[in-house]
Structure formats: structure tokens, C-alpha cells
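Residues -7 to 260 in the working numbering are what the sequence shown spells out, letter by letter.
Don't be surprised by glycine CBs; every beta carbon is placed ideally from N, CA and C.
None of the values given here were measured: they were computed from a predicted structure.
Right, one structure below, let's go through it.
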Amino acid sequence: MSKSLPMGQLLTPDDTCEIEPFESDNIICIGSTATGTTSMMGRRAKQNPTIVSSAAEAGNNNGQSTSRTSQNKKLTKPKQKTRDSDCCSINFIKYSLHIFNTMFLYTFVLLIVFLLEFIVGGLAYLYETQIETELQYTLNATFMEHYGVSEQQTKAIDSLQQEFSCCGAVRFEDWRHSVWLRSRRKDLIKPTEGRLVPDSCCITVVAKCGLRDGPSNIHYTGCIYEMTDDLKYHLIILGAIGLGLSVIQVFGMVLSCCLYVKLKDVLD
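What follows is the structure in C-alpha cells.
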């Protein structure tokens, strides 16, 4: 829409103006969408008619610069984080730390158990001969000194000889040096009554079968050897089970280390 600008009125950058013919002193201004702060006198200048158009162009340029600056500010405005995203980040970090702690504890426990199994197995192998010697001494002392004297130990020795099919601690001749056979005491729980070995040494246990010590009647093998063989057999089974568990434990430690590296890469 056109409007006449009187002499002396300021020209705003929102207006574009045209100069009327020389007969008029007014300037014709048409509304514009440009914005800015530049203004000039709305006076007709016959000698320099380019002043008005220059002012309008300056206003348009300033308006475009201001609009572009505001658009750039909108584009470069940083994106604000929401509370939900912060909570998710914190929960993820807490969960990762919990996994780290559990993983380290699990690996540490597995390592301790593995070391204990290795130490026990090594000690059992190193002290095998010493353990066998100590067992032989203790068993022989029990046979020689307590059979026929202590009711509980007498029953235990009879059960041992029948279970392992043995006679005496090391050999059947050991009974000749026992308190039960040499003392001839009448207060014994099981009197000898002419027996050479206890009835539990017999291949077929019957009353007073120990009167004869021939190989067809009694066992000649000492109980210490049968017990040692049985102990070694069970130790082999325990060792195999321990070895299998050790392999599983080592595999678990390897998986724990892999999980640690993976989580570390995710957090980084």
C-alpha cells in the first residue's frame, strides 16, 4: 500500500519509497517486510535522487543480516538433556560397577579355590610316603596294644580285617607279638583260648577258626596295604573330580576377563 511522506518525516527501513514527479515535494513509500534500524529524512532531493534508494537497500541488508543471525543462534542452540536420559546414564554406570564388583569377587574366589586345590594335591603327593609310614605305625600300635583290651577298638579291628580281607597290621605274624596273644590275661575281652590269630583273620569266619594259621585258612596280607590301596583309589577319584572342577574354574576366570574387557570398551 502506498503512502505519501511529508517533508521532514523519518523514513523507516520497513518502507520502500519512490520519488514523485518534480512537481511534488513528497516521497511515495510502499510497505515492505524488511526489518532494520536505519532511517533517513523523507525529503525530495532533486540533485541526489539515489539517497533514498540507498537508505532502503541498507535497511533491507540490515534486516536480512539480523534475520540470518537469529536463525544461526537457533541452529547453534545446544540441546538440553532431559532428566530421563541422566537417570538412564546413572543407572547404567551403577549397573556396570555392580557387574565389575561381582566379576572381580567371582574371579578372586575361583583363584583362591584353585590355588588351595593345587596346594592340597601337591602336599598329598609329596608326603605320600610319610603318610603311609605314619599310618602303618599307628595301625600296628593299635593292633598290638589294644586288641582284646578295649572293647570298642577290638570290634573296630575285627570289622577292618573282615572288610579288607586282611590279617594283622603289616603281616599276620604281627599277632605273635601282640598283648592279646602274649599276656595270657584272663580279663581279656576275647581270650585267646589257643588261637594263633583272631577269628576275623579267617577266610571263612567261624568260631575258633583262628587256631590254625595256614594260608588256606587265614589271609596273609596285612591291613596297611589294603587300606593304602583303597586310599589311593579314592584319592585318584578325588583328583579327577578336582581336575575337572579346576578346568571349569579356569574357564570361568577366562570368561570373567573377557566380560571385563567388553564392558570396559562399552563404557569407554
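Could you say if the segment 215 to 235 and the segment 177 to 191 meet the contact criterion of at least three C-beta pairs nearer than 8 Å?
-> no
Would you mind reading off the limits of the alpha helix (DSSP H) that contains residue 209?
-> Note, residue 209: premise wrong, no alpha helix (DSSP H); not H, not E.
Is it true that the segment 157 to 170 meets the segment 125 to 141, where meeting means three or more beta-carbon pairs spaced less than 8 Å apart?
-> yes
Cβ contact check for the segment 241 to 248 and the segment 98 to 113: 3 or more pairs under 8 Å | yes
Return the CA-CA distance between residue 116 and residue 257, expressed in angstroms with no decimal places.
-> 44 Å
Through-space distance from residue 254 to residue 120, alpha-carbon basis | 45 Å
Simplified DSSP assignment, three categories, for residue 174 = helix
Residue 187, DSSP secondary structure in three states | coil
Could you check the C-alpha separation between residue 174 and residue 124 for me, to the nearest Å?
-> 27 Å
Are the C-beta of residue 238 and some C-beta of chain B separated by less than 8 Å?
-> Absence of chain B from the displayed structure is noted, only one protein chain being present.
By how many angstroms is the C-alpha of residue 236 removed from the C-alpha of residue 244?
-> 12 Å
Mark residue 265 as exposed unless 16 or more other C-beta atoms lie within 10 angstroms of its C-beta, in which case mark it buried.
-> With the chain running from -7 to 260 in the structure shown, residue 265 is simply not present.
For residue 240, count neighbouring Cβ atoms within 10 angstroms of its own Cβ and tell me buried if that reaches 16, exposed if not.
-> exposed
Residue 23 in three-state terms, based on DSSP | Bear in mind that a pLDDT of 46 at residue 23, under 50, signals an unreliable position, so the number given afterwards is only what the model happens to contain. The answer is strand: DSSP assigns residue 23 an E or B state.
Where residue 194 falls: helix, strand or coil (DSSP) = strand
Hey, would you say residue 162 sits closer than 8 Å to residue 132, going by beta carbons?
-> yes
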